[in-house]
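Q: Which chain is which? The protein sequence lines are B and A, in order.
If you want my numbering, it's the position in the first sequence, counting the first as 1, plus 146.
If you want my numbering, it's the position in the second sequence, counting the first as 1, plus 146.
What follows is a single structure, and I will ask about it in a moment.
There are 2 protein chains.
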Amino acid sequence: MNLDTISSQDIILTGDRTTGQLHLGHYVGSLRNRVILQDRCAQFLLLADAQALTDNMGNYLKVRDNVLQVALDYLAVGIDPAKSTIFIQSLVPELTELASYYLNLVTVSRLERNPTIKDEIKQRGYERDIPAGFLTYPAAQAADITAFKATLVPVGDDQIPMIEQTNEIVRRFNASVDQPVLVEAKAVVPEVGSRLPGIDGKAKMSKSLGNTITLSASPDDIRQAVKMMYTDPNHLRVDEPGQVEGNVVFTYLDAFHPDQALVAELKAHYQRGGLGDTVIKKHLEDCLQDMLAPIRARREHYAQDPAAVLDMLKAGTRRARDVAARTLAEVKAAMGLNYY
Amino acid sequence: MNLDTISSQDIILTGDRTTGQLHLGHYVGSLRNRVILQDRCAQFLLLADAQALTDNMGNYLKVRDNVLQVALDYLAVGIDPAKSTIFIQSLVPELTELASYYLNLVTVSRLERNPTIKDEIKQRGYERDIPAGFLTYPAAQAADITAFKATLVPVGDDQIPMIEQTNEIVRRFNASVDQPVLVEAKAVVPEVGSRLPGIDGKAKMSKSLGNTITLSASPDDIRQAVKMMYTDPNHLRVDEPGQVEGNVVFTYLDAFHPDQALVAELKAHYQRGGLGDTVIKKHLEDCLQDMLAPIRARREHYAQDPAAVLDMLKAGTRRARDVAARTLAEVKAAMGLNYY
């Protein structure tokens, strides 16, 4: 994502499903940017509990409990609720109302052709037993985006079809009512390298794979994770050349180390031989410990007063509802559904 | 529908899509019963504008304008807003919230197997281009029913699968949260003979077929309709025997004439020959004119003050929202979605 193209007129909508604590992958891919973006334009951050329920109905307490956990992660990394509007999706009923009208503007076959949905259906092994809420969630996502008249939606490249679907709904709605009520959004795809592999070298850091480092990881968790981290499996002797590509320690050093000149030097040394994994892991561990210590401390600070965090969420949700209610009123008025 | 089985503890949910004025078919099949039922138990009457939009998105002003028209029809036939809660669906956002959770409890293939939906998809010629809102409307209907903890839902026999679908959702929700939050409903199917054919003899009275007599029909409309009415096409001479079965005039006399002994006599006379269509039509016209005159007069009276009708709808909608909001709060609390 090229942050320089963001204008103060832009409105960002992004957020997270509340299915688990956030980890370094979220930090690199989005949280870090949000801290910068909140000073540049309006930013709405969605705690997507309702969306998480579309495939977690059997595990609703996990979804509920992680609302607070994700909010703590946000505060811990420096997202400022005075600058960013953090809100709970299930407490903004205007979103379900908008989604219910959008469902009339998209066909079942169009939803089934949505590549993101197709992939996720395959991943989850749903075959034909797809919960209807899962198939239709592009309409709900269109509601999340359009309710705030978001102009920018940071997404992974696998999510681009979702934004296209939103914009289709926007154009179809505006055409039906012959008024430009809704606003199209632009997908903002992060730069290459902003997707962090798991500590085991797998492409995706994911809680279910057990290959993450959470933002609340203890010093010992971090130590253990770096120790287990995938490097170059063929680099058996220190004095032999090692490989940097696909070596997770270097990927992480690229992503997090404040002294990139040092990282370049370490890479060169590793490649020509004579630099062992223990040394590069020590560099990484120190850097992660330094980076996560203040995040963990802030997290622990906020976690001591969950009531205050909920108050913050309540205020954010109220702000979000006000905006969503204005959009909904325009949408309903355009369809003549303003009876009194 | 056997009205004697209704208990004062029952809660009825029924209503009409707001796509056109109501006609004699509605009167026989449901409106007449509602006037009786409102004295026996709680009755919620839904002006289903949002549901009508699922297949009328291109014609939303028709849907909007008919909210007032259907409300006038209700008042005209004697539905009393002090006894029945008449409300506008699109103004009860709790319904879309409930529906959004129910969508997670029903699979796409289950919706596609719903016989009512299958038939209606065929009727509308949607093939695969089914609006998602149309396929998923059983979830919305489940919300309409369960929001009021309705125990009885008067429906045509083609709609029984919809009530089964609702009860499936009820059982699945209650099982997921391990609490009996939602209530199952019973489909109440009207007695045989309560479905009125069109004046052309076609099975269904329907505005699009142009074979209806609306509740607001003028004396001249009624006269013309009876004149055009389908009788026995083989009854060419008055002195020959005529057929009563399938003869729309007799079906209507059965449905509406206050003196059923006279109707029996007319039938016998017609069957043995010597009774012409002009005479039986005169009996029917007189009876319809008598029946519809006070309905039309009441309708015109209320139509003079649409603001007062809207006020009535506003009050009914407020009452309906209160009830739906209580159910929604229970549903969300059961899923742990009660954060503050």
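Heads up, the beta-carbon is just placed ideally off N, CA and C, and yes, glycines get one too.
#1: Locate the alpha helix (DSSP H) running through A:Ser246, then write down its first and last residues.
#2: Could you give the first and the last residue of the continuous beta strand (DSSP E) run that contains B:Leu192?
#3: Quick one: which chain B residues come within Cβ less than 9 angstroms of A:Arg210?
#4: Kindly list, in the order they appear in chain A, the residues whose Cβ is closer than 8 angstroms to that of B:Gly204.
#5: Does any residue of chain A have a CB that is nearer than 9 angstroms to the CB of B:Ile232?
#6: Can you name the residues that DSSP bridges to A:Ile234?
#7: Hey, would you say A:Ala278 sits closer than 9 angstroms to B:Leu281, going by beta carbons?
#8: Residues in the same chain with beta-carbon distance under 7 angstroms from B:Val409, minus the five sequence neighbours each way, listed in chain order, please.
#9: For the pair the segment 353-363 of chain A and the segment 441-454 of chain A, tell me if three or more CB-CB distances fall below 8 angstroms.
#10: Give me, in chain order, the residues of the same chain whose beta-carbon lies closer than 8 angstroms to that of B:Asp367; leave out the 5 immediate sequence neighbours on both sides.
#11: Exposed or buried, what is A:Met351 when buried is set at 16 or more other beta-carbons lying within 10 Å of its beta-carbon?
#12: Within the continuous alpha helix (DSSP H) that includes A:Lys332, where are the two ends?
#13: For chain B, check one thing: does any of its Cβ atoms lie closer than 9 angstroms to the Cβ of A:Thr252?
#14: Helix, strand or coil, according to DSSP, for B:Ile225 in the structure here?
#15: Below 7 angstroms on C-beta distance, what does A:Glu243 contact in chain B?
#16: Inspect the CB distances between the segment 237-252 of chain B and the segment 209-223 of chain A and report whether three or more fall short of 8 angstroms.
#17: Distance check for B:Asn380 and B:Lys428, CA to CA, integer angstroms please.
#18: So, using beta-carbon positions, are A:Arg180 and A:Tyr220 closer together than 9 angstroms?
#19: For the beta strand (DSSP E) holding A:Val299, just list the boundary residues, first then last.
#20: Counting only C-beta atoms, is A:Lys427 closer than 9 angstroms to chain B at any point?
#21: Are the C-beta atoms of B:Thr282 and some chain A residue less than 9 angstroms apart?
#22: Can you check the segment 334-374 of chain A for any alpha helix (DSSP H) of at least 4 residues that lies completely inside it and give the ranges in chain order?
#23: Between B:Arg186 and B:Ile152, is the Cβ-Cβ spacing less than 9 angstroms?
#24: Answer with buried or exposed for A:Tyr283, where buried requires no fewer than 16 other C-beta atoms within 10 angstroms of its C-beta.
#25: Please state whether the Cβ-Cβ distance between B:Tyr486 and A:Leu456 is less than 9 angstroms.
#26: Three Cβ pairs or more, each shorter than 8 angstroms: is that satisfied between the segment 419-436 of chain A and the segment 242-261 of chain A?
#27: Alpha carbon to alpha carbon, how far is A:Glu273 from B:Arg259?
#28: Find out if the Cβ-Cβ distance for the pair B:Glu266, B:Asn148 is shorter than 9 angstroms.
#29: Cα-Cα, which of A:Ser230, A:Arg318, A:Arg341 and A:Ala466 is closest to A:Asn250?
#30: Write down every uninterrupted run of the beta strand (DSSP E) in the segment 365-442 of chain B whose length is 3 residues or greater and which is fully enclosed by it, in chain order.
#31: Going along the segment 409-439 of chain A in order, which residues come within less than 9 angstroms of chain B, judged by CB to CB distance?
#32: Using the three-state DSSP reduction, which class does B:Leu183 fall into: helix, strand or coil?
#33: Count the other C-beta atoms from every protein chain shown that fall within 10 angstroms of the C-beta of A:Ala293, then say buried if there are 16 or more, exposed otherwise.
#34: Am I right that B:Leu459 and B:Phe233 are in contact with their C-beta atoms under 8 angstroms? What's the rounded C-beta distance?
#35: Roughly how many angstroms separate the alpha carbons of B:Ala475 and B:Asn484, rounded to a whole number?
#36: Who are the neighbours of B:Thr200 on chain A, taking C-beta pairs under 8 angstroms?
A: The relevant details are as follows:
#1: Element bounds for A:Ser246: Pro239 to Tyr248.
#2: Per DSSP, B:Leu192 is one residue of the beta strand (DSSP E) stretching across Ala188 to Ala194.
#3: Neighbours of A:Arg210 on chain B, chain order: Met481, Gly482, Leu483, Asn484 and Tyr485.
#4: At a beta-carbon threshold of 8 angstroms, the residues of chain A lying near B:Gly204 are Ser322, ordered along the chain.
#5: No, no contact with chain A.
#6: BP columns for A:Ile234 point to A:Leu193.
#7: Pairing A:Ala278 with B:Leu281 gives a Cβ-Cβ distance under 9 angstroms.
#8: If we look at B:Val409 and ignore the five residues flanking it on each side, its Cβ neighbours are Leu399, Asp400 and His403.
#9: The segment 353-363 of chain A is in contact with the segment 441-454 of chain A.
#10: Excluding the 5 residues flanking it on each side, B:Asp367 has same chain C-beta neighbours closer than 8 angstroms at Ile359 and Thr360, in chain order.
#11: Buried.
#12: Unbroken run through A:Lys332 is the beta strand (DSSP E), Lys332 to Val334; no alpha helix (DSSP H).
#13: With the sequence shown as reference, residue 252 of chain A is identified as Val, and Thr is not the correct amino acid for it. The Cβ of A:Val252 sits closer than 9 angstroms to at least one Cβ of chain B.
#14: For B:Ile225, the secondary structure class from DSSP, reduced to helix, strand or coil, is coil.
#15: Correct list: Pro239 and Thr242.
#16: Inter-segment contact for the segment 237-252 of chain B and the segment 209-223 of chain A is absent: fewer than three beta-carbon pairs are separated by less than 8 angstroms.
#17: Spanning the alpha carbons of B:Lys428 and B:Asn380 requires a straight line of approximately 20 angstroms.
#18: A contact, by the Cβ cut-off of 9 angstroms.
#19: Under the DSSP assignment, A:Val299 falls in the beta strand (DSSP E) whose first and last residues are Leu298 to Pro300.
#20: Answer no: the Cβ-Cβ gap between A:Lys427 and chain B never drops below 9 angstroms.
#21: Interface with chain A (9 angstroms Cβ-Cβ cutoff): B:Thr282 is included.
#22: You should have 365-374.
#23: Between B:Arg186 and B:Ile152, the gap from beta carbon to beta carbon is short of 9 angstroms.
#24: Buried, since its Cβ has 16 or more Cβ neighbours within 10 Å.
#25: Yes, the Cβ-Cβ distance between B:Tyr486 and A:Leu456 is below 9 angstroms.
#26: Between the segment 419-436 of chain A and the segment 242-261 of chain A there are fewer than three C-beta pairs closer than 8 angstroms, too few to call the two in contact.
#27: Their backbone Cα atoms lie some 15 angstroms apart in a straight line.
#28: No, Cβ-Cβ distance for B:Glu266 and B:Asn148 is not below 9 angstroms.
#29: Looking at the Cα atoms, A:Arg318 is the closest of the given residues.
#30: Listed in chain order, there is nothing to give.
#31: Flagged: no residues at all.
#32: DSSP places B:Leu183 in helix when its eight states are reduced to three.
#33: Of the residues assessed, A:Ala293 falls on the buried side of the cut-off, its CB having 16 or more other CB atoms within 10 angstroms.
#34: B:Leu459 to B:Phe233, Cβ: 7 angstroms. Contact.
#35: The alpha-carbon of B:Ala475 is positioned some 8 angstroms away from that of B:Asn484.
#36: Chain A residues near B:Thr200: Leu249 and Asn250.
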